[in-house]
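Enquirer: Residue numbers (my numbering), protein chains in the order written: chain V, 1 to 466; chain F, 1001 to 1637; chain R, 2001 to 2110; chain A, 3001 to 3172; chain G, 4001 to 4494.
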Amino acid sequence: MNAILLTAVWGVVMMFSGVFIKSKTAPKYLAIAGIIIIFIANLLELNAFGIGVLHVNIDTKEMLNISSFNLSFLAVVFACTLLFFLLSGSDIEKVGDDVSEYFGLIFFVLCGVSLVSTYNTLLLLFIGIEILSIPLYILTGSDKRNLKSNEAALKYFLMGAFSTGILLMGIAFIYGGNNNGSFYINNLEMGEGPMPAMIAVGLVFMVIALSFKVSAAPFHFWTPDVYDGAPTVFTSFMSTIVKVAGFFAFVRLFENAFGKVQPQWQNLIVFITVLTLLIGNVTAVFQQSVKRMLAYSSIAQAGFMMLAVFALNNTAKEGLVLYAAAYSIATIGIFAVLIKMNDYTIDGFNGLAKTQPQLALCTTVFLLSLTGIPLTGGFMSKFFMLSAAAETGTRFWLIIVAVLFAAISAYYYFRVIQAMYFKEATTVVIDEKEITRGFKITLAIAAVLIIAIGIYPEFIIGWMYH
Amino acid sequence: MSNIFKFIWLIPLLPLLGFLITGLGRNFLSKTAAGFVGSAVIFASFVISVLAFLQVKNGDTAAVQYFDLINIKAFKIAFEFKIDQLSSLFLLIITGVGFLIHVYSTSYMHDEPTKDFSKYFSYLNLFVFSMLVLVMGGNYVIMFIGWEGVGLCSYLLIGYWFKNNEYTNAAKKAFIMNRIGDLGFLLAVFWLITKLGTVSYDEVFTAANIAKLSIEDITAITSLFFIGAIGKSAQIPLYSWLPDAMAGPTPVSALIHAATMVTAGIYMIARSNILYTMAPATQHVIAIVGLTTAIVAATIAIKQNDIKKVLAYSTVSQLGYMFLGLGVGAYTGAVFHVMTHAFFKALLFLGAGSVIHAMSGEQDMRNMGGLKKYMSITHITFLIGCIAIAGMPPFSGFFSKDEILAAAFAEHPLLWVAGVAGAMMTAFYMFRLYTMTFLGKFRGTQEQEHHLHESPGAITFPLIVLAILAIMGGWIGIPEIFIHGGHKLEAFLEPIFAGSNAITVKHEMSHNTEFLLMGISVLLSLFALLFGLKKFSNYNKQSDKENTGFAKVLEDKWYFDELYKKIITRPLRNVSLFFNNVIEKKGIDGVVNGTGKFINYGSRQLRWLQSGQVGAYVLLMVIGMLVLFILQLFIKN
Amino acid sequence: MDIKAYIALSLTLFIIGIIGVLTRRNAIIVFMCVELMLNAVNLLMVAFSNMHQASGAAKALPTFASDAQIFVFFIMIVAAAEVSVGLAIIVMLYRNTHNIDVSFLNRLKN
Amino acid sequence: MSIITISFILLSLMAIGSGVMMIASKSPVNSILWLIVVFFAISGHYILLNAQFLAIVNLIVYAGAIMVLFLFVVMLMNLNAESEPPKNYRLQAIGIIAGGCLLLVLLSALMMVKQQQPVMLAGGNAGLIKTLGKVLFTDYVLPFEISSVLFLSAMVGAVVLGKKTKLIENEN
Amino acid sequence: MGTFITFPELLLWLPLLIALGCFFIKKESVTKSFALLGSLLVLAIAIVSLSYTSAAFKTYNDVNYIWLSHIGTSFYLSLEGAGRLLALLTAVCFPIIFISTYKNSYKNANAFYGLMMLSQCGLMGVFVAKDALVFYFFWELALIPVYFLCSRWGGEKSIQATFKFFVYTFTGSLLMLTGIIYVYLHTGTRAFEDGTIAQHSFALQSFYNTTLTAGEQGWLFWLFFVAFAIKMPVFPFHSWQPDTYDQSPTSVTMVLSGIMVKMGLFGVIRWLIPVFPLAIPKVTTLVMVLCIAGIIYASCIAMVQDNLKKLVAYSSIAHIGLMCAAVFAMNEIALQGVMIQMFNHGINIIGLWIVIDIIEKQTGIKNMSQLGGIAQKAPALTIMLVVIAFANIALPLTNAFVGEFMLFTGVFKYSLWMAVISGTSVILAGVYTLNMLQKVLYGNTNAVTENMKDISLNQKLGLGLIVVMVFIFGIYPQPMIELTKTAVSVLVSK
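(1) Going by DSSP in three states, Leu312 of chain V sits in which element: helix, strand or coil?
(2) In chain order, which beta strand (DSSP E) runs of at least 3 residues are fully inside the segment 1465-1500 of chain F?
(3) What is the residue span of the alpha helix (DSSP H) that Phe4138 of chain G lies within?
(4) Going by the CB atoms, is the gap between Phe221 of chain V and Ser163 of chain V shorter than 7 Å?
(5) Step through the CB atoms of chain V and report whether any lies within less than 7 Å of the CB of Thr4113 of chain G.
(6) Give a yes or no on whether the minimum CB-CB distance between Asn150 of chain V and chain F is below 7 Å.
(7) Would you mind stating whether Val4426 of chain G and Cys4324 of chain G have Cβ atoms separated by less than 7 Å?
(8) Determine, using beta carbons only, whether Asn178 of chain V and Leu188 of chain V come nearer to each other than 7 Å.
(9) Assess contact between the segment 249-263 of chain V and the segment 110-121 of chain V, defined as three or more Cβ pairs (one per stretch) separated by less than 8 Å. Is contact present?
(10) Taking Cβ-Cβ distances shorter than 8 Å, what residues in chain F pair up with Asn2099 of chain R?
(11) So which residues of chain R does Leu1572 of chain F contact, with C-beta pairs closer than 8 Å?
(12) Enumerate in chain order the residues of its own chain whose CB-to-CB distance from Val242 of chain V is below 8 Å, with the five nearest sequence positions on each side excluded.
(13) Go through its chain and collect everything with a Cβ distance to Ala360 of chain V's Cβ below 8 Å, but skip five positions before and after it.
(14) For Ala2079 of chain R versus Ser2049 of chain R, is the C-beta spacing smaller than 7 Å?
(15) Which residues does DSSP pair with Gly1137 of chain F in a beta bridge?
(16) For the pair the segment 403-416 of chain V and the segment 4184-4196 of chain G, tell me if three or more CB-CB distances fall below 8 Å.
(17) Buried or exposed: where does His3006 of chain A fall if 16 or more other Cβ atoms within 10 Å of its Cβ makes it buried?
(18) Short of 8 Å Cβ to Cβ, which residues in the segment 1132-1155 of chain F face chain V?
(19) Beta carbon of Thr376 of chain V, beta carbon of Leu368 of chain V: below 7 Å?
(20) Considering only DSSP beta bridges, list what Gln4478 of chain G is partnered with.
(21) Give the C-beta separation of Ala444 of chain V and Leu83 of chain V to the nearest angstrom, bearing in mind that I take them to be a contact with Cβ-Cβ under 8 Å.
(22) Buried or exposed, going by whether 16 or more other CB atoms sit within 10 Å of the CB of Glu3145 of chain A?
(23) Residues of chain G with a CB under 9 Å from the CB of Leu404 of chain V: which are they?
(24) Given this structure, state the Cα-to-Cα distance separating Ile1083 of chain F from Val1064 of chain F, to the nearest angstrom.
(25) In angstroms, rounded to a whole number, what distance separates the CA positions of Tyr4442 of chain G and Pro1243 of chain F?
(26) Cα separation between Ala2060 of chain R and Val201 of chain V?
(27) Within the 7 Å Cβ cut-off, does Ser2103 of chain R reach chain V?
(28) Report, in whole angstroms, the separation of the C-beta atoms of Phe2073 of chain R and Met169 of chain V, which I expect to be a contact under 8 Å.
(29) So within the segment 4314-4372 of chain G, which uninterrupted alpha helix (DSSP H) runs reach at least 4 residues, ignoring any that extend past its ends?
(30) When the Cα of Gly11 of chain V is compared with those of V:Val76, V:Asp97, V:Gly104, V:Phe49, which residue comes out closest?
(31) Pick from V:Asp431, V:Asp91, V:Leu139: whose alpha carbon is nearest that of Ala2088 of chain R?
(32) Is there at least one Cβ from chain V nearer than 7 Å to Tyr1267 of chain F's Cβ?
Structure follows, in structure tokens:
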């Protein structure tokens, strides 16, 4: 509850700050302060400091379900956002004139994230998703002078609206199909037997809509274009925090509402997972632009996260939180470096290790994490996902397929590493002035975090059992 | 000096020390020092060998274990030496002849640079070491150590003049052909280990252990061992390395290819005689292979013009005789022939070396002739050697060869007929060689003639000693029919072959038959000898025609090398190239790279899905929805 | 009325919307088709609400009768918000390119 | 056949027909007008279903506000029939077939259910403003408040996107 | 848990510390000496640990830290059996590599040596891990530094070659990971000292005690085996190897061929055969046929190779194939042979690489046909090469003989024909090795080899050490056998 309220309030604060504060850099600090407050408030609610649960208590009519699992996920989200602000905050300032509005919108998105990770009714799921999406449409188009940004915004918007329609259709059928006439996801009275046709139809609609949100194939088509067209800072935010929130919503819905009839819809998820892994990994191979490659990589990673939806057990949930942390930190880190680059193609990274060894090292850690090399968080999270999928005891071939695609992923991630370390730079790769000491330190902290998750993931998983 | 057996480890160790000193010190040692060290260690070994021999003669034998080479539950292989009648006899031959060759070498190799001179001696020492390990070894693995060791040394010595690619090719050929045999040897050892869990002679040859082996086992083991022997002792089909091995310095040819290394196969079979006696099938094969080799090699020798080549083929031929002996169960005869052959063949080679030395490296007999007057000692000793190898009584070769032939006759008269034919050829080509070299007129260049001289003492001394041995060496094995109790060697070796003798059926021959056979073979050989002498005494280079027909076949060594090239070397190379170029590059690597290419291709194709058109995206999504709905609603899990 | 009639009607409208999205290239009309889809959902929801009322299921929840209608109300709210943002995006694009044909949106592909 | 059934059929035909016309008509303005007709038909259905409040809101919000906004935009851009580029009939056909298949699949799945589930028409007080208002401000206060965030962001978005800035074609 | 530091920890952390140290040293010469001294220290520890092998010293050799207890894994290291031998090999090889390449200069030497030491750490980890997850961690970790080393300091095509190598092995490892997960889910519970009771366990012992059916073991076997087979590499998974060996900087090639390939064999010995005992009888024939086909195949290709490095690479494939075949022969002789041969092969092949490196560094050529006459110019080098080359083809009294003898005996015990066919490699190996010697060393000098200098002192030292080991372990191999005897008997009794 703390998180939802504070994010909404801080969004408003940010908006007003634009009126009162004229400085272009000040909103960043305000936003950082805000996210720290939210983070701490969230931890307080989680009782992470051991001083008892501190939270705003509002009677939500059980429309929200606040558990330590949800809160630990939110903690990860806020921590990642903090990292995002620290690394890329100054780049938000460069997107356009309305800096404080951008920050405000980001806080609204976070509000949406908080909603979709704690919702207990389909209504709040719907509203949450919309709160999460609408600011993103705006942020995507925020680089107004850039036609690519415009185009991305329109594509995103049209397809997003389309998916909203599908989501609602799904909700309608689920509502119609269950005998309770209820929107509460844990009150649908799903028996063990075969689902009624209406529920089945609604379920498929929901799968489609949520797959769209998490950019799982074949509903991923917006992703590369939007991620590519959006201002890079916002791509960074969208492809990480927003995406993992989508997964969280996905898992919550299917665990609570349809967990009992899992065998009846697992085939859908398997189909989507395999297709996502295939399209994400294979298409990424040919990309020349790192930004676009990361877009496809985010699809590929989504394929892995789909395994959590496939498995829906405790390990899967732990794994999802881990995945959220590892994937977000790594991707935010890479994007933070990418933004500073003069050239977004892979060749643009040539020789980075010469001029900026620390940056190159950190980027390497991030890329290794995304590949899933041990000692990095990426490995641990993938490992949890695979374990979770294997624990179901069915379709073991799925995880073999998954690892084979993971092997392909090495192909494109390592191209960047090769460029940085083994190739000579032809032009100036990076604007030296942009790389402040603080930036380097933050990046290093991110890298250390990745390794910390890889070595001892229990410090995050531990939150879930507070 | 109560028990010399305590010191037998010195016998191989001394040459090893010599190897290390001359090898490591090749930059510091003078030629004299190197030659001295090299020869002295062999002499010391010889002395100990003699002492050991004397003790063995008193009926003492010993098997000494030093440490475990491999000791696991399944089996144990110890580093052990065995001194008995057989090995002590071989020790004498090896160290004795070896020593003479060392002495000879000090002079023969004197023109080499100091470093290479030292290197040469270190190789020689190492060779002697390996050979000693081979014969002293108390089990097959130790024997194998020496077995491969001599192969290595012969490789090093043949390729001694490594700048010449021909020579290194010969070295390579020798090693590889030996290795083919070694594989057979190894497999036999594996077989023994698998069946018996031991390779120690003392344990393998016990009745209890042999009883564990089926007749198939024994046949297989003996055949495999025989393959080893074929390689090492240059029998058909693995004989062709030996003539090529003449690329090495001549003393090396004498040492390796006459006196010691090639006899390893005979030693090994004699050592395992009991197994062979129990495997008559193998024995028949051995006899036939031996005989074939003896005759084929002899025919080739007739048409060779290189003095060393003739000797080399004669070696092959003589080895064939020894195998014939082994094949017909005349183990003593074979060993006897090994001994006599060591004397006269070393003598012949060294004599040839002396000639070559005098001729400034010329080896073609067509350019020699009339050397008699320039090199009297060499001439006389060489003549003795020739008579000995031709099997004229009472020279050593007569006794040993006769014993083999007698045994062959007892086995089957045809074997004897073929053997005699071979003996005739031997007499013929040896005297062809002798005549072309020493008799007639000198056919070389003026310059060569000017240089002709008798060799120095270090060369002639071994010749003289060996000539004496070539005459008298056979007297320890005079058959019963001449003197009662004359065959001292047989009596000496009796304990070794006792097991075999016990189970073989003795074909007793009447004395008359024996005399008759002896007479016929001697007469025929004498006839061939004289024919050779006559035919080539007026040899003229100009009148020598190009060989045609069968003679050409003989001159070209029955086209064995070409055959190998055609059926082994070239196909193997083609297969390898096929592996490398097709299977490896196109096949296996092609699949691996193809996977990468396929993914790349897929990537290029898949990205066309991402057309940028919202309409197309939605269409694809709708199709996806359709699929999912059908999957969920109409396909039952 | 049987609920199936409503389901059929609203699905038909929904699919008409989808077909519109598929076939039309004018961004505004595409957007309108999405609105049609939303309305189809709204209709279905109200119909379901009445269906539940008719079957008298789940009396335990006090608000169940109005739930769906409230939901529809929220859908309308969201639709309105979406429209404001959507039209802003369309206008922005139009200002930059003087075209709102979605098939010209192909700077981003592959 | 009762009057309700007849009106249901009429309204349905009206809704479907206008919907088809909307996607079929060339001129954007016509499309908008056909869509408004659809909204009216749906409002009619709401009344049949005894959801008076929604019927009104539908007219006010959709037909009144949203569609007018659309109309404004279309007018502002001066779009007309000719501005729509020539159509790609093959793509359209594929689109229609795909959509049709989808409809077929869904309907065949849903209509197979034998059991009848009647819909209550013209009865109950769930759709009354009073009832709805009470529920909205008690039980649904959280979503209601939260949706203000939605509006705020939409408002901010409209402002951020609507402000005029000069265009630099930046092909990065 | 004892409070003292144990041997496996020392062997693991020391290289890591040295690696970190190297990264921070700027001066090349200092880095070199630092890395060399460090690796010598590791060697010293490894040697000292040899005197604490008996069961009484278990606390010196075992260490078990709680780590991720709720998923049933702990940081469990143990120095024993085959692992001890290979850890020793790792410890021995690095100083030799450093010594013999001491004169080579590298760009960014600190990074080079740091990464080398990192790879040592990874290798040590593989050999001492007794927990599947820890094993997998180090299995991958050993790969990463090597990837960077090969790509950064390798030949002109090194990036592609190394990348192929990386993706290939990575794919294999990932398949193994799925296998590990599957087995893990079929283990029993594991109780920890801190009171946690995990549902399943990653401990090696639990892996041995799983209740997998024969059918499951059958396909799980292949998941593991592919990973190991790629690493070894066994035909037909070998195609990464010649290119990588060819393109890598030679000191890395030494690590790769000397030690890393043993990871595969080690994996088979410790993690494959005992875990899937029911699968073994079914697959043995197929695996052995693969191995033996690989022996002949690789030997044949080696015969027609002109590139010196590729020749050695293919010869290594043949040797490893034999070892792998012997492992699957599953008898005491064969396994004992494998144990010591793993060590010996490592020593010998590193020796070969050192020589090749010297030749390549001096002449810039690795094609045999362009070389020749080196024997005249560099007699010391020639002697070393001849000794090592003959050791490589297992001449008696060299270290490899004992190993290969036992390997062949073991294979023979399993099947006569397999022994015969694989035995022909003895001949083929002779052919290509002698070809190499002839083309490189003998004949007349040419323009390239005209100015060849003999080896320097450090190279002499490095090669000398190898030659000494070649003979010591060739003449008296029993101590090495003793070291692994118990491990073998445990394995055989399984």
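Backbone N, C-alpha and C fix where the C-beta goes; we use that ideal spot for every residue, glycine too. Just so we're clear, the structure is a prediction, and the values are computed from it rather than from any experiment.
Expert: In short:
(1) coil
(2) none
(3) Phe4138 of chain G -> alpha helix (DSSP H) spans 4132-4141.
(4) no
(5) It should be noted that the sequence gives Tyr, not Thr, for residue 4113 of chain G. Judged by the 7 Å Cβ criterion, Tyr4113 of chain G is not in contact with chain V.
(6) no
(7) No; because the gap between Cβ atoms is not below 7 Å, this pair is not in contact.
(8) yes
(9) yes
(10) Listed by position along chain F, the residues whose Cβ is nearer than 8 Å to that of Asn2099 of chain R form an empty set, because the closest Cβ is around 14 Å away.
(11) Neighbours of Leu1572 of chain F on chain R: none; closest Cβ ~52 Å, over 8 Å.
(12) Val109, Val113, Leu132, Leu136, listed in sequence order.
(13) Leu352, Ala353, Met420, Tyr421
(14) no
(15) F:Phe1081
(16) no
(17) Here residue 3006 of chain A is Ile; the residue named in the question, His, does not match the sequence. Ile3006 of chain A comes out exposed.
(18) Result list empty, no residue passes.
(19) yes
(20) According to DSSP, which records beta bridges pairwise, Gln4478 of chain G is partnered with nothing at all.
(21) 12 Å between Cβ atoms; not a contact.
(22) Classification for Glu3145 of chain A: exposed.
(23) Residues of chain G passing the Cβ test: Thr4171, Leu4174, Leu4175.
(24) 8 Å
(25) 21 Å
(26) Low per-residue confidence applies at Ala2060 of chain R: pLDDT is 49, beneath 50, and the placement is therefore not dependable enough to give any value.
(27) It does not; no Cβ of chain V falls within 7 Å.
(28) Rounded, the Cβ-Cβ distance is 17 Å, inconsistent with contact.
(29) If you keep only unbroken alpha helix (DSSP H) runs of at least 4 residues inside the segment 4314-4372 of chain G, you get 4332-4363.
(30) V:Gly104
(31) V:Leu139
(32) no
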